[in-house]
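Below is one structure, written out as C-alpha coordinates; comments come after it.
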(Lines of atoms letter the chains of each structure in order from A and count residues from 1; the text may use other names and numbers.)
(Lines give C-alpha, C1' and ligand atoms only; values in the text may rest on other atoms or scores of the structure.)
Protein backbone atom coordinates (compact mmCIF):
# COMPACT_ATOMS: atom_id res chain seq x y z
CA UNK A 1 0.00 0.00 0.00
CA UNK A 2 1.38 3.41 -0.97
CA UNK A 3 2.14 5.92 1.73
CA UNK A 4 -0.69 8.52 1.62
CA UNK A 5 1.77 11.07 2.98
CA UNK A 6 4.42 11.58 0.34
CA UNK A 7 7.08 14.19 1.04
CA UNK A 8 5.07 16.74 -0.95
CA UNK A 9 1.84 15.87 0.92
CA UNK A 10 3.63 16.38 4.24
CA UNK A 11 4.95 19.69 2.90
CA UNK A 12 1.42 20.85 2.06
CA UNK A 13 0.18 19.77 5.50
CA UNK A 14 3.10 21.55 7.21
CA UNK A 15 2.34 24.75 5.26
CA UNK A 16 -1.35 24.60 6.28
CA UNK A 17 -0.46 24.02 9.94
CA UNK A 18 2.18 26.79 9.88
CA UNK A 19 -0.26 29.27 8.35
CA UNK A 20 -3.43 28.52 10.30
CA UNK A 21 -2.48 26.38 13.32
CA UNK A 22 1.06 27.49 14.21
CA UNK A 23 0.64 26.43 17.84
CA UNK A 24 0.68 22.82 16.66
CA UNK A 25 3.98 22.99 14.74
CA UNK A 26 5.98 21.69 17.69
CA UNK A 27 4.04 18.40 17.62
CA UNK A 28 3.80 18.21 13.81
CA UNK A 29 6.46 15.54 13.14
CA UNK A 30 5.14 13.34 15.97
CA UNK A 31 1.62 13.64 14.56
CA UNK A 32 2.83 12.73 11.05
CA UNK A 33 4.51 9.63 12.48
CA UNK A 34 1.39 8.73 14.46
CA UNK A 35 -0.82 9.30 11.40
CA UNK A 36 1.34 7.04 9.23
CA UNK A 37 1.13 4.30 11.87
CA UNK A 38 -2.62 4.62 12.54
CA UNK A 39 -4.55 7.21 10.50
CA UNK A 40 -7.95 6.39 12.04
CA UNK A 41 -6.63 6.32 15.59
CA UNK A 42 -4.79 9.59 15.09
CA UNK A 43 -7.84 11.53 13.94
CA UNK A 44 -9.82 10.12 16.88
CA UNK A 45 -7.42 11.65 19.37
CA UNK A 46 -3.79 11.98 20.22
CA UNK A 47 -2.29 11.48 23.63
CA UNK A 48 1.04 13.19 24.12
CA UNK A 49 3.66 11.78 26.45
CA UNK A 50 3.71 13.52 29.83
CA UNK A 51 4.86 12.73 33.34
CA UNK A 52 3.11 9.68 34.82
CA UNK A 53 -0.45 10.52 35.80
CA UNK A 54 -0.60 13.70 33.76
CA UNK A 55 -1.78 12.60 30.33
CA UNK A 56 -2.13 15.55 28.00
CA UNK A 57 -4.88 15.18 25.46
CA UNK A 58 -4.17 17.20 22.36
CA UNK A 59 -7.28 18.49 20.64
CA UNK A 60 -5.25 19.05 17.51
CA UNK A 61 -6.37 20.09 14.07
CA UNK A 62 -3.16 18.67 12.54
CA UNK A 63 -4.53 15.10 12.26
CA UNK A 64 -7.49 16.50 10.30
CA UNK A 65 -5.08 18.42 8.06
CA UNK A 66 -3.14 15.18 7.41
CA UNK A 67 -6.39 13.35 6.61
CA UNK A 68 -7.44 16.18 4.29
CA UNK A 69 -4.11 16.14 2.47
CA UNK A 70 -4.43 12.36 2.07
CA UNK A 71 -7.93 12.79 0.64
CA UNK A 72 -6.77 15.63 -1.60
CA UNK A 73 -4.11 13.33 -3.03
CA UNK A 74 -6.85 10.86 -4.00
CA UNK A 75 -8.96 13.61 -5.58
CA UNK A 76 -5.98 14.90 -7.50
CA UNK A 77 -5.09 11.44 -8.79
CA UNK A 78 -8.57 11.28 -10.31
CA UNK A 79 -8.18 14.76 -11.81
CA UNK A 80 -4.82 14.19 -13.47
CA UNK A 81 -2.99 11.16 -14.81
CA UNK A 82 0.42 12.78 -14.37
CA UNK A 83 2.02 13.62 -11.04
CA UNK A 84 -0.96 14.28 -8.74
CA UNK A 85 0.48 17.10 -6.68
CA UNK A 86 2.03 19.26 -9.39
CA UNK A 87 -0.95 18.69 -11.72
CA UNK A 88 -3.35 19.50 -8.88
CA UNK A 89 -1.54 22.71 -8.05
CA UNK A 90 -1.74 23.80 -11.70
CA UNK A 91 -5.44 22.82 -11.83
CA UNK A 92 -6.34 24.83 -8.74
CA UNK A 93 -4.13 27.76 -9.77
CA UNK A 94 -6.02 27.95 -13.06
CA UNK A 95 -9.33 27.90 -11.16
CA UNK A 96 -8.23 30.88 -9.07
CA UNK A 97 -6.72 32.61 -12.09
CA UNK A 98 -10.15 33.08 -13.64
CA UNK A 99 -11.50 36.23 -12.04
CA UNK A 100 -9.51 35.84 -8.84
CA UNK A 101 -11.86 33.48 -7.03
CA UNK A 102 -12.33 29.74 -6.97
CA UNK A 103 -14.61 28.16 -9.53
CA UNK A 104 -17.47 26.37 -7.75
CA UNK A 105 -17.13 23.53 -10.25
CA UNK A 106 -13.45 22.93 -9.48
CA UNK A 107 -11.98 24.19 -6.21
CA UNK A 108 -15.39 24.02 -4.54
CA UNK A 109 -15.74 20.41 -5.63
CA UNK A 110 -12.42 19.50 -4.01
CA UNK A 111 -13.44 21.34 -0.83
CA UNK A 112 -16.72 19.43 -0.61
CA UNK A 113 -15.06 16.06 -1.20
CA UNK A 114 -12.45 16.70 1.48
CA UNK A 115 -15.08 18.05 3.92
CA UNK A 116 -17.23 14.94 3.45
CA UNK A 117 -14.17 12.73 3.90
CA UNK A 118 -13.20 14.44 7.17
CA UNK A 119 -16.73 14.44 8.59
CA UNK A 120 -16.93 10.75 7.73
CA UNK A 121 -13.82 10.26 9.87
CA UNK A 122 -15.53 12.08 12.74
CA UNK A 123 -14.47 15.73 12.37
CA UNK A 124 -17.00 18.36 13.31
CA UNK A 125 -18.39 19.93 10.12
CA UNK A 126 -17.00 23.45 10.80
CA UNK A 127 -13.51 22.03 11.44
CA UNK A 128 -13.75 19.77 8.39
CA UNK A 129 -14.84 22.61 6.11
CA UNK A 130 -12.17 25.02 7.42
CA UNK A 131 -9.38 22.46 7.01
CA UNK A 132 -10.64 21.51 3.54
CA UNK A 133 -10.64 25.17 2.48
CA UNK A 134 -7.15 25.64 3.91
CA UNK A 135 -5.75 22.61 2.06
CA UNK A 136 -7.41 23.59 -1.24
CA UNK A 137 -6.11 27.16 -0.87
CA UNK A 138 -2.60 25.89 -0.14
CA UNK A 139 -2.69 23.59 -3.17
CA UNK A 140 -3.92 26.48 -5.31
CA UNK A 141 -1.17 28.79 -4.14
CA UNK A 142 -3.53 31.21 -2.37
CA UNK A 143 -2.01 33.45 0.32
CA UNK A 144 -5.26 34.88 1.64
CA UNK A 145 -7.07 33.44 4.65
CA UNK A 146 -10.45 31.75 4.09
CA UNK A 147 -13.64 33.66 4.79
CA UNK A 148 -14.81 33.33 8.40
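Numbering (my numbering), first residue to last: -1 to 146.
Note that the Cβ used here is the ideal one computed from N, Cα and C, for glycine as well.
All values reported here derive from a predicted model rather than from experimental measurement.
Residue 137 and residue 112 have their alpha carbons spaced roughly 13 angstroms apart. The beta carbon of residue 125 sits closer than 8 angstroms to those of 59, 62, 116, all from its chain and outside the five residues before and after it, given in chain order. Looking only at 109, 33, 65, the smallest Cα-Cα distance to residue 121 is reached by 65.
Inter-residue distance for residue 6 and residue 32 is about 18 angstroms (C-alpha atoms, whole angstroms). Your pair residue 67 and residue 133 checks out as a contact, with CB atoms roughly 6 angstroms apart and the cut at 8 angstroms. Around the C-beta of residue 20, fewer than 16 other C-beta atoms lie within 10 Å, and the residue is accordingly described as exposed. Around the beta carbon of residue 17, fewer than 16 other beta carbons lie within 10 angstroms, which makes this residue exposed. Pairing residue 35 with residue 109, the inter-Cα distance amounts to about 26 angstroms.
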